[in-house]
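Reading through the structure tokens given below for one structure.
4 protein chains.
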Amino acid sequence: MCRWLAYSGSPVLLEELLLKPKHSLIDQSLHSTLGAETTNGDGFGIGWYGVSETPAVFHSIEPAWNDRNLKDLARHLVSPLVFAHIRASTGGAIQQTNCHPFRHGRWLWMHNGFIGEFAAVKRDLVLAVDPSLYAEIEGSTDTEVFFHLALTFGLEDDPPAAVERAVGFIEETGRAHGVEHPIQMTVASTDGSSLWAFRYSSEGKSRSLFFSTAVATLREQYPDNPTLHLVSDESRLVVSEPLGDLAGAWNEVPESSYGVVKEGQDELRPFTPRTS
Amino acid sequence: MCRWLAYSGSPVLLEELLLKPKHSLIDQSLHSTLGAETTNGDGFGIGWYGVSETPAVFHSIEPAWNDRNLKDLARHLVSPLVFAHIRASTGGAIQQTNCHPFRHGRWLWMHNGFIGEFAAVKRDLVLAVDPSLYAEIEGSTDTEVFFHLALTFGLEDDPPAAVERAVGFIEETGRAHGVEHPIQMTVASTDGSSLWAFRYSSEGKSRSLFFSTAVATLREQYPDNPTLHLVSDESRLVVSEPLGDLAGAWNEVPESSYGVVKEGQDELRPFTPRTS
Amino acid sequence: MCRWLAYSGSPVLLEELLLKPKHSLIDQSLHSTLGAETTNGDGFGIGWYGVSETPAVFHSIEPAWNDRNLKDLARHLVSPLVFAHIRASTGGAIQQTNCHPFRHGRWLWMHNGFIGEFAAVKRDLVLAVDPSLYAEIEGSTDTEVFFHLALTFGLEDDPPAAVERAVGFIEETGRAHGVEHPIQMTVASTDGSSLWAFRYSSEGKSRSLFFSTAVATLREQYPDNPTLHLVSDESRLVVSEPLGDLAGAWNEVPESSYGVVKEGQDELRPFTPRTS
Amino acid sequence: MCRWLAYSGSPVLLEELLLKPKHSLIDQSLHSTLGAETTNGDGFGIGWYGVSETPAVFHSIEPAWNDRNLKDLARHLVSPLVFAHIRASTGGAIQQTNCHPFRHGRWLWMHNGFIGEFAAVKRDLVLAVDPSLYAEIEGSTDTEVFFHLALTFGLEDDPPAAVERAVGFIEETGRAHGVEHPIQMTVASTDGSSLWAFRYSSEGKSRSLFFSTAVATLREQYPDNPTLHLVSDESRLVVSEPLGDLAGAWNEVPESSYGVVKEGQDELRPFTPRTS
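Residue numbers (our numbering), protein chains in the order written: chain A, 290 to 565; chain B, 290 to 565; chain C, 290 to 565; chain D, 290 to 565.
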């Protein structure tokens, strides 16, 4: 479907995340090894926090591997919190309003996966979006509707609970339409300070998701690696596919779980869809 | 807002319609004289009937004046029924799914104007679209919703009645939201054999719309004009702004009226929104 | 590098060539099996002959697999002579002026392969282009320069001799700059009636190229295949990779050879670069 | 032809330059009042200096007025040295490689105007470009060739002398081809610390060019204007058309002159093309 990367930590030049790693996200746009498709060439997007209250987003309908603006931006932008997403469309139009990450106020949201038989359930899902949020929906993706359901169910107040309610509602709605597996997802969301990452699917075989090992642990294991001395202890990456080739650097997020990257101790917890 | 052109008649090379006339539609994309805006550079589209049951459409987000594919296609496509539209967005995203003409089966639809305070009324309008048509809506324009309302209200059976019902519903909905002038429109639609063109606005000051004088009449008036001997008696153009400079060639569609271009005698009738 | 297809024969709906075959060219844009790269997503182009003296071209920077205009055009265009090309850039910019096929008057030209170390030899090659043709070069590809060299060396008078001279000159120039293998190529060119296809490389390991078996032969072999009774005896396809799955339908163009598809008997001949 | 803006001074959020002023550059893309054309919708570009040795550039083929990425970038990028350019093509292709500003190492270059009968003189001009720079030329504009001529004639060592030599050579070449007015130009260039702006035309009627009044002077004149207390004394804008509506804020660069914005006292000097 898609591939994504979320970073939180010391301010970093975006090319360190997007271009330089072996098997970088840009590289994955042409040669994904763990994705449902090899090629993720149906547009891309990045979101980052910087000088303004709200995050910036840059969306493009070109394949990431040959977008020169992306390379130039990556070499000149520094940010402590970065989302990046490469898209493999499951049929929807290739247009900027369908590119992740999606934004609402200070929030970003991106997704790998799909809502099962979206054409059949879309109307019922959209009707459940809070009317005050409805007019914000600009594209035609399942992800944007999913985001607005999560906002409707309280994302800004209690992100895990809101996503559990949104997924519960999507599963209920799908099953009412006879959809066997209503949702498949890895999702990242952030308010600019904490970062939540979810891994779940109705069939219990979710898309891959990995988080990076604590920097302090890696630094002990690789005392001579200079990069590990440059980044702060708080720095964390969550990715669809491991980058680079440092053994021990990547840990799989378990099935039906979510992680929180935040000030203080990060957390990993079970994820259980909630029905009304 | 936008500018459009609809042609029905002898098969014609598209460049005769789009590129060659003085003050052609392509020219209007840079220098409209009667439009609400001078520049109509926010994408364009053409639709035409040919070898297939359903019409072809070509949509582009580039300004029409510098799209090389449009020029090449216009020089190589021949069709007896052509729609062309240049867009000046009123804020919506510039993407192919927002380009006119819109298509449903054998039907095409294009629009100059707007639904007043669309963000406020969109949800109520979309809810009234037949659920079986709902998933077809791909873009974010008022025009696409308007088209699907007309389809819901019976466009394929009785086009004038369906458009009158759709406009009546849009006016009712708008007024319920406190919108003073809920709709402004010139609309063209076709099923591939007849062509309907509507001019209406809630405030009674509608965007300009013109139809060409009957070819037989023009031929008498200009016996030496070679083009007039090439096209059939049935040929007719409906346009937002007159093309060319032939005196007597253009007639304004009256306020609150619609015309039908069809086999046999064309018609011009009053247009009255219907409420349920 | 790239993949291409050239068709000459009975007028055919373009989707029969581009969309319908198993392992079609559009399919190859995502999943090439014989190409140097799996993905050919850096734009595409088609060229076809129809109502006008000169051929039409349609160029796009989007990957072919998700270009809706291409699908719509393919379903509505009929032509007896079609070129189609999907691009995998070797570093050059993704822009319409770098998309094949290239056009000059009635001529089309497309290429899979590369001129070795093009940045080093480009200036010398461009200087050899006839000054009257120089200003026509709009893009930055090796292919466009190669085409203009072939035109300079007499493509319009004697295509095989002109291509042999152009390749001889490219090899001479490359070797003068220390390039071991100055050219790698399969090339198709046409003047709208005959079609020439060349397979050659300085290293003697050229990109794959296939031509379809004579329709009469296939018809004997597959008497029940309806398609083979629809197309004329003269119909011929030349492709980078076989389409479909009809055993015996495809024959490899030998190394250092060219074929001519023309009225009367088609020909297959040796290709030998000529130096001045 | 085009419109441009160059800023040097206190680090500034790009939207203060590009979006917020009355009659901003984005506004000029739709409604230029002093330009040769009203609409400058054939792509745009920005260049800025920040965290890296070399400047960043962002090029787009969309009209500036509806590019959402531009708006988002403008709201999140801060820089002490910014170039911005909106293009009205004189016929060349609309592609990113034809968008200004052009870049070479630490240098940026942008241009409003044209080289007269460029198709006729292009080959001779390109031949004069240093062969080591030749392969860098990626697009098809006169401006990119002009930039590479200036680099060839020593831009990096003595910018005014190099531009005078390049213009002298362009005039010589043009006249040898019978071109009456070989060049029309306002040009801005920078190495990331100083900024040069040139106004010249062979016919002595050059495109408009303005520089902003010294901040200290404006501050005395408008003691209550808060913006003027935020920017440093060194801040300076050079623009094709005045922004905003502050009387006394803008001064015309005289015919055949150039200005230097640099540390210490800025300068305004005569510009005289040099022939070899």
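Backbone N, C-alpha and C fix where the C-beta goes; we use that ideal spot for every residue, glycine too.
Counting along the chain, where does the beta strand (DSSP E) carrying residue i start and finish?
| i | result |
| --- | --- |
| residue 479/A | 472-479 |
| residue 374/D | 367-376 |
| residue 336/A | 333-337 |
| residue 498/A | Note, residue 498/A: premise wrong, no beta strand (DSSP E); not H, not E. |
| residue 556/B | 556-559 |
| residue 393/C | 391-393 |
Please report whether the beta-carbon of residue i lies at a distance below 8 Å from any beta-carbon of chain D.
| i | result |
| --- | --- |
| residue 357/A | yes |
| residue 519/A | no |
| residue 345/A | yes |
| residue 313/B | no |
| residue 543/C | no |
| residue 389/A | no |
| residue 374/A | no |
| residue 406/C | no |
| residue 331/B | yes |
| residue 393/A | no |
Quick one: give me the first and last residue of the alpha helix (DSSP H) that residue i is part of.
| i | result |
| --- | --- |
| residue 304/A | 303-307 |
| residue 358/C | 357-363 |
| residue 507/C | 504-510 |
| residue 484/A | No alpha helix (DSSP H) holds residue 484/A; the beta strand (DSSP E) holding it covers 484-490. |
| residue 438/D | 431-441 |
Would you please verify whether the beta carbon of residue i is less than 8 Å from any beta carbon of chain A?
| i | result |
| --- | --- |
| residue 412/B | yes |
| residue 302/D | yes |
| residue 384/D | no |
| residue 568/B | Residue 568/B lies beyond the stretch modelled for chain B, which goes from 290 to 565, so this question has no answer here. |
| residue 365/D | yes |
| residue 471/B | no |
| residue 534/C | no |
If residue i sits next to residue j, beta carbons under 8 Å apart, how far is it from one beta carbon to the other, in whole angstroms?
| i | j | result |
| --- | --- | --- |
| residue 274/B | residue 537/B | Given that chain B is displayed from residue 290 to residue 565, the structure contains no residue 274/B and the question cannot be resolved. |
| residue 333/A | residue 353/A | 4 Å |
| residue 364/B | residue 421/C | The pair is not a contact, with the Cβ atoms about 24 Å apart (cut-off 8 Å). |
Using 8 Å as the limit for Cβ to Cβ distance, is residue i near chain B?
| i | result |
| --- | --- |
| residue 381/C | no |
| residue 319/D | yes |
| residue 340/C | yes |
| residue 477/A | no |
| residue 433/A | no |
Helix or strand or just coil, what does DSSP make of residue i?
| i | result |
| --- | --- |
| residue 464/D | helix |
| residue 540/D | strand |
| residue 567/D | This structure cannot settle anything about residue 567/D, because the visible part of chain D is limited to 290 through 565. |
| residue 448/A | helix |
| residue 347/C | strand |
| residue 416/A | helix |
| residue 515/B | helix |
| residue 401/D | strand |
| residue 532/C | coil |
| residue 547/A | strand |
| residue 457/D | helix |
| residue 318/C | helix |
| residue 409/C | helix |
| residue 295/D | strand |
| residue 421/B | helix |
Does the beta carbon of residue i sit closer than 8 Å to a beta carbon anywhere in chain C?
| i | result |
| --- | --- |
| residue 465/D | no |
| residue 420/D | yes |
| residue 362/B | yes |
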